[in-house]
Structures are given as C-alpha cells and as structure tokens.
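Protein chains in written order, with UniProt numbering: chain H, 1 to 322; chain P, 1 to 322.
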C-alpha cells in the first residue's frame with residue numbers, strides 16, 4: 001500500500017510485533033526496515049526525506065510519522081532504531097564521529113545516541129570511517145562492509161571490495177578490518193554530465209549499447225589522462241556521425257568507469273574482487289572488469305546494509321543482557 | 001550608457017559612420033562591435049541573447065534591436081555583419097558547415113548567408129572546423145586562430161596554441177593551416193563541480209590559493225587516472241582538516257587543468273606554446289605550464305576574435321572590388 005506519494009510500504013503478511021528498526025538514512029533517501037525479534041523484516045518503508053531535506057529537529061518527527069502504527073504502545077521499552085548513513089554526519093541529526101582506518105567497521109559501542117523527546121524511540125547513529133593521508137571518508141558503506149564481513153566465509157583473508165555508487169569506494173579488508181579505502185566521484189560525474197552538461201542531448205537517460213560501453217572502458221584504460229577530451233568527443237561524434245544518445249550513454253559510463261579502473265588497477269589486476277552494490281551498476285563494473293580478464297563476484301548492497309544493521313542490533317542485545 | 005539590464009554599450013566619443021558589424025555570437029553571449037571604414041571600433045555591445053535562448057527567427061530581430069541607431073538610413077547599401085560562433089551551428093541561425101582540418105581557418109568565401117527580411121542587413125556566418133578521426137569540432141575559435149595567423153610574424157612555423165575556455169582547445173598550426181586539434185571539457189567540468197556537485201560547499205565562487213593550485217597541477221600530472229578520487233578528496237580535506245573553500249577552488253582548478261596538461265604533454269613539453277584566451281584563465285594555464293618548466297606566451301582572445309572578423313571583412317571588400 002502507498003500511504004504517501006513519496007513513501008512506500010511493503011507490509012509482509014502475518015507479521016509479528018516490531019522488535020527494532022533498521023534504518024539507512026542517506027543524503028536523498030531514507031529506508032526503514034521494521035524487524036521482529038527473529039530479525040525478520042515485517043515492513044519496508046522508503047521515503048525521500050533524506051538528510052539534504054532535513055534540519056536536526058526534523059529527524060524525530062520524520063521517524064514518528066513514517067513508523068506510525070509500528071511504534072510501541074503502553075508500557076513497552078523503547079524501540080531501538082539502528083541507523084547508518086548521513087543522518088550521523090555533522091550536517092545530519094547528530095554527529096557520530098568517524099572511526100579511523102585501519103579499524104573494523106564501527107558497531108553499536110561507537111554509536112551516537114541523539115536526544116529524543118518521545119520515550120518510544122531509542123536511536124543509535126553508527127559512525128563512518130575516515131583515513132587522513134590521503135583524506136577520505138565513508139558513511140553508510142562501513143555498514144555494508146560490516147554485513148559483508150558478518151557473512152564472509154574467510155574474513156581473515158586480505159581482499160579488495162568495490163562499492164559502486166554515486167561516490168564509489170574501493171576498500172582493502174584484512175583480518176576483519178578496513179585497512180584502506182579510496183572514493184571516486186564516478187557516479188556523480190556521470191549524473192552531472194548526462195543531465196546538466198553540453199552532453200545532455202547526446203547522452204540519453206535510458207537505453208544501452210554494450211559493445212560501445214566495453215570499447216569506451218578500453219579506451220579510457222589505455223589513456224585515462226585524455227578523459228576530458230574523450231568526453232567532448234561524445235558530442236563531436238553525435239554531431240558529425242550521428243552517434244545515438246543510447247550509444248552516448250553507454251560510452252559516457254564506460255569512459256568514467258574505465259578511468260576509475262585505471263586508477264585502481266593494482267587493486268583488481270590478477271585478483272578476485274567483490275562488488276557490493278545495486279544490481280545494474282554492479283553488473284556494469286563486472287562487465288568493465290571482465291574486459292580486462294578480471295572476474296568479480298557480485299553481492300547485493302541492500303542485503304548487506306540490513307545484515308550490517310542486524311549485526312549492530314545483535315551487539316546491542318548482547319550489551320543489554322545482564 | 002546601459003540601455004538594458006543585460007545589454008551594455010561602450011560608445012566611443014567622436015565616432016564616425018558604421019561601415020560593418022563584427023559579431024561573436026556564442027551559446028550564452030553575443031558581442032557586437034560597430035566598426036567604421038578604418039576598422040576602428042565605434043561601439044561595443046554585449047548581450048545575453050546567445051544561441052541557447054534563440055530560435056532561428058529570433059536572430060534578425062535581435063540584431064535590429066541591438067544595433068538600433070547604428071543601422072543605415074536612406075539609400076545606403078546594406079550593412080555587412082560578419083559573424084563567428086554558434087549562430088552558424090545547426091541549432092543556430094543557419095548552418096555554416098564545418099571546414100575539414102587540415103585547412104586554413106575558413107573565411108568569407110566559405111560563409112553562409114542567412115536570408116534576412118530587412119534590406120539594411122547583409123549577414124555572413126563563418127564556418128567552424130572539424131576533424132573526423134577522432135571526431136572533434138570548433139566553432140568560434142577558428143576565427144581567433146584566423147586573427148592570430150593574420151598577426152603572426154612567422155605563420156610558416158609549425159606551432160601549438162592552446163585556447164583555454166569552457167571547452168578548451170589545443171591546436172597545431174602549420175603553414176597557415178590548422179592541421180589538428182583536440183577539445184577538453186575542462187572549463188565545463190569546473191563549473192559543474194563547483195556549482196552543482198557535492199563539492200559546492202568546499203569550493204568557493206571567488207578567492208584563490210596559488211600554492212594549492214600549483215600543487216594540485218603537479219598531483220594531477222603525476223597521476224591523472226586518479227582524478228575522480230582526487231576530486232572527492234577536496235570534500236574529505238574540507239571535512240577532516242578544514243580546508244578552506246578558496247583553497248578548494250584553486251585545487252579543483254589545478255586538478256582539472258593538470259589532467260588536461262597530462263593529456264597534451266607531447267604538445268607543450270620542451271616547446272614554446274601560445275595561449276589564446278581571456279586574461280585570468282590564460283594566466284592559470286601559464287602558471288600551470290610554468291610548474292613544468294614550459295614558458296607560454298599569452299595573447300588576448302577578444303582582440304584576436306576581432307582581428308579574425310576584420311580579416312574576413314577585408315576578404316569581403318576585396319571580393320566586392322571590381
């Protein structure tokens with residue numbers, strides 16, 4: 001059922017009583033999972049009330065509004081809300097200061113608890129991770145990594161994971177710790193160039209050309225420094241040889257992902273890596289890597305976010321057990 | 001005097017009778033110079049009625065409106081308007097098809113004459129230049145190059161020129177011809193990232209940090225493939241070490257220009273090059289090149305545009321002399 005144009009509920013039939021709330025509160029989107037005591041998802045709520053639209057005093061009313069009937073009644077103890085993402089940033093609800101890599105993904109012990117007026121809520125904001133030389137930050141991805149490590153068959157092994165997205169991350173994991181990571185503005189560059197640059201008429205919003213994508217990946221890897229010229233060439237090819245906007249779209253994606261792969265070559269060349277991301281974008285990275293003979297395993301990011309939040313809730317339960 | 005908020009006139013006192021109009025009609029801006037028979041500027045008019053705001057039928061009324069009292073009266077012959085830039089593109093007033101490099105900058109003989117209803121106007125749209133493998137186009141810069149070649153003491157020499165701008169161009173000139181060129185989206189990337197990306201709060205609209213600029217140029221040249229990570233680092237440095245938005249601005253510029261220089265290294269390394277551009281941006285390229293031991297000469301682009309349009313008008317006069 002849809003209770004609001006920008007809000008969707010997927011209620012699971014025969015659901016039991018809410019035991020806790022898992023929350024991924026990002027810049028533009030908020031996802032809530034209403035969980036029972038068996039860590040089964042009772043309800044899944046998505047909303048566009050992300051950090052960029054909220055002041056600190058807006059977070060609690062937003063939660064109360066979206067959770068509605070799921071809030072405890074009577075003499076119950078407060079409902080724990082375990083939250084990752086930008087709500088814990090300095091511009092968010094309350095700051096959950098970054099942990100410093102190398103470190104394990106921060107858990108409930110490092111969480112910040114913002115003051116709430118309503119006694120039915122007990123909110124925990126999980127921190128992100130930073131590195132200082134060179135400076136880099138993640139906030140939200142560390143919880144996916146926590147979920148990945150919780151499921152990993154061999155967490156002691158040194159390995160590289162890539163988290164494609166608006167700001168894609170490449171992280172090295174060792175002995176259950178994030179030892180280093182690097183962020184690339186690849187996804188945001190794609191969105192800006194596709195939607196707001198001179199390329200907007202030669203790069204479509206939909207459609208695809210797999211051959212052109214793979215060719216563009218190879219071109220960018222062969223000469224990454226030429227990226228600003230290769231981008232303009234999308235316009236010139238459209239003007240001079242009628243290149244379709246769908247081919248333009250695939251080429252733009254291939255060029256930008258190709259440059260990212262050129263920068264991370266030491267991380268994936270001759271190695272097995274794991275892609276933690278949404279399905280479509282992860283497949284593109286998988287294809288791009290396959291043009292270079294690299295086989296990548298894909299794991300669904302949303303599943304891992306929920307696994308990471310569940311791991312944090314388990315820590316909370318243990319800490320509260322006498 | 002200012003006749004309109006988006007229109008400025010600089011009338012030169014004691015001016016004589018208009019003999020022709022020089023026009024640089026770009027995507028976002030229109031510049032008109034009212035010229036006398038001695039090729040002296042009588043009036044300079046700028047307007048924001050660029051191609052992006054106009055349909056084909058809007059161009060003639062725009063000219064009539066802006067030229068006003070400068071239009072001939074009575075039985076005079078029509079006033080030639082020599083025009084370079086996007087007005088001659090397929091989306092402009094009328095298409096002036098590209099000349100193919102290698103070629104001299106196209107002149108009056110290659111110009112397209114759009115039909116005009118008013119007999120007081122005789123409009124000539126100068127073509128741009130294209131290359132096909134790889135595809136690239138210029139429209140407007142070829143007239144600056146024509147002006148540069150008209151002033152050049154030794155046009156037979158092979159040389160490289162760089163035209164910094166929204167879409168900066170690197171062109172090789174030989175025997176008065178443009179033999180090859182390449183376009184970089186550097187300026188547009190800067191504008192998008194400064195104004196519309198996650199970097200907008202850590203990159204100021206004004207201010208500068210010369211040391212940070214030079215350091216960023218060096219970093220980008222040393223590892224151009226890492227550009228998408230170096231961009232995100234601007235945000236991380238602002239978050240973690242309080243890097244000022246002025247330093248962020250200079251670093252963003254340095255990173256993007258540095259990547260352009262990495263791609264064009266064969267063109268400038270160990271050579272003398274000439275920068276044709278607006279003062280401030282040209283100085284940045286000059287500084288960036290100087291970090292690599294390359295000395296560049298700067299020439300003002302607007303002066304060259306006018307010189308190129310004047311050269312085309314001279315050709316028109318000669319063609320009309322019996």
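Where is the CB? At the ideal position from N, CA and C, for every residue including glycine.
How about residue i and residue j: do their beta carbons lie closer than 8 Å?
{"i": "residue 239(P)", "j": "residue 132(H)", "result": "no"}
{"i": "residue 20(P)", "j": "residue 83(P)", "result": "no"}
{"i": "residue 116(H)", "j": "residue 125(H)", "result": "no"}
{"i": "residue 191(H)", "j": "residue 259(P)", "result": "no"}
{"i": "residue 44(H)", "j": "residue 33(H)", "result": "yes"}
{"i": "residue 255(H)", "j": "residue 312(H)", "result": "no"}
{"i": "residue 391(P)", "j": "residue 249(P)", "result": "Absent from the model: residue 391(P). The displayed extent of chain P is 1 to 322, so no value can be given."}
{"i": "residue 181(H)", "j": "residue 168(H)", "result": "no"}
{"i": "residue 139(H)", "j": "residue 68(H)", "result": "no"}
{"i": "residue 224(P)", "j": "residue 135(H)", "result": "no"}
{"i": "residue 217(P)", "j": "residue 149(P)", "result": "no"}
{"i": "residue 247(H)", "j": "residue 212(H)", "result": "yes"}
{"i": "residue 81(P)", "j": "residue 123(P)", "result": "yes"}
{"i": "residue 310(H)", "j": "residue 22(H)", "result": "yes"}
Of all the CB atoms in chain P, is at least one closer than 8 Å to the CB of residue i?
{"i": "residue 46(H)", "result": "no"}
{"i": "residue 77(H)", "result": "no"}
{"i": "residue 132(H)", "result": "yes"}
{"i": "residue 272(H)", "result": "no"}
{"i": "residue 260(H)", "result": "yes"}
{"i": "residue 16(H)", "result": "no"}
{"i": "residue 181(H)", "result": "no"}
{"i": "residue 251(H)", "result": "no"}
{"i": "residue 231(H)", "result": "yes"}
{"i": "residue 240(H)", "result": "yes"}
{"i": "residue 101(H)", "result": "no"}
Going by beta carbon distance, what residues of the same chain come within less than 8 Å of residue i, once the five residues before and after it are set aside?
{"i": "residue 273(P)", "result": "159, 160, 161, 162, 267, 289, 294, 296, 297"}
{"i": "residue 233(P)", "result": "none"}
{"i": "residue 144(P)", "result": "163, 276, 301, 304, 305, 308"}
{"i": "residue 4(H)", "result": "Reliability fails at residue 4(H), whose pLDDT of 48 lies under 50, so the model's placement of it is uncertain and the value that follows must be treated cautiously. 47."}
{"i": "residue 281(P)", "result": "164, 165, 187"}
{"i": "residue 269(H)", "result": "292, 294"}
Using a Cβ-Cβ distance under 8 Å, would residue i count as near chain H?
{"i": "residue 237(P)", "result": "yes"}
{"i": "residue 224(P)", "result": "yes"}
{"i": "residue 1(P)", "result": "Unreliable placement is indicated for residue 1(P), whose pLDDT of 38 sits below 50; no coordinate value is reported for it."}
{"i": "residue 53(P)", "result": "no"}
{"i": "residue 167(P)", "result": "yes"}
{"i": "residue 5(P)", "result": "For residue 5(P), the predicted model reports a pLDDT of 45, less than 50, meaning its position is unreliable; a value from the coordinates is still stated below. So no, residue 5(P) is outside the interface."}
{"i": "residue 184(P)", "result": "yes"}
{"i": "residue 263(P)", "result": "yes"}
{"i": "residue 228(P)", "result": "yes"}
Looking only at its chain, what residues have a beta carbon closer than 6 Å to the beta carbon of residue i, apart from the 5 residues adjacent to it on each side?
{"i": "residue 166(P)", "result": "187, 188"}
{"i": "residue 243(P)", "result": "237"}
{"i": "residue 194(H)", "result": "203"}
{"i": "residue 62(H)", "result": "49"}
{"i": "residue 174(H)", "result": "158"}
{"i": "residue 59(H)", "result": "93"}
Please list, in chain order, all residues of the same chain as residue i whose beta carbon is under 7 Å from its beta carbon, the five residues on each side excluded.
{"i": "residue 322(P)", "result": "none"}
{"i": "residue 97(P)", "result": "127"}
{"i": "residue 99(P)", "result": "106, 110, 127, 129"}
{"i": "residue 120(P)", "result": "71, 72, 78, 79"}
{"i": "residue 141(P)", "result": "163, 169"}
{"i": "residue 54(H)", "result": "62"}
{"i": "residue 102(P)", "result": "177, 178, 179"}
Residues of the segment 296-321 of chain H with a CB closer than 8 Å to any CB of chain P: list them in chain order, please.
none
For the segment 136-155 of chain P, which residues have a CB atom closer than 8 Å to at least one CB atom of chain H, in sequence order?
136, 137
Taking the runs of the alpha helix (DSSP H) that are 4 residues or longer, which of them lie wholly in the segment 255-303 of chain P?
265-268, 279-290
Within the segment 106-174 of chain H, note down every full beta strand (DSSP E) run reaching 3 residues or more, in order along the chain.
121-125, 129-132, 135-138, 159-163, 168-174
Taking only runs of the beta strand (DSSP E) that begin and end inside the segment 171-224 of chain H, which ones reach a length of at least 3 residues, in chain order?
177-184
The segment 186-202 of chain P: which residues have C-beta closer than 7 Å to a C-beta of chain H, in chain order?
186, 188, 189, 192, 196, 197, 198
At 3 residues or longer, and completely inside the segment 46-100 of chain H: list those beta strand (DSSP E) runs for me, N to C.
79-84
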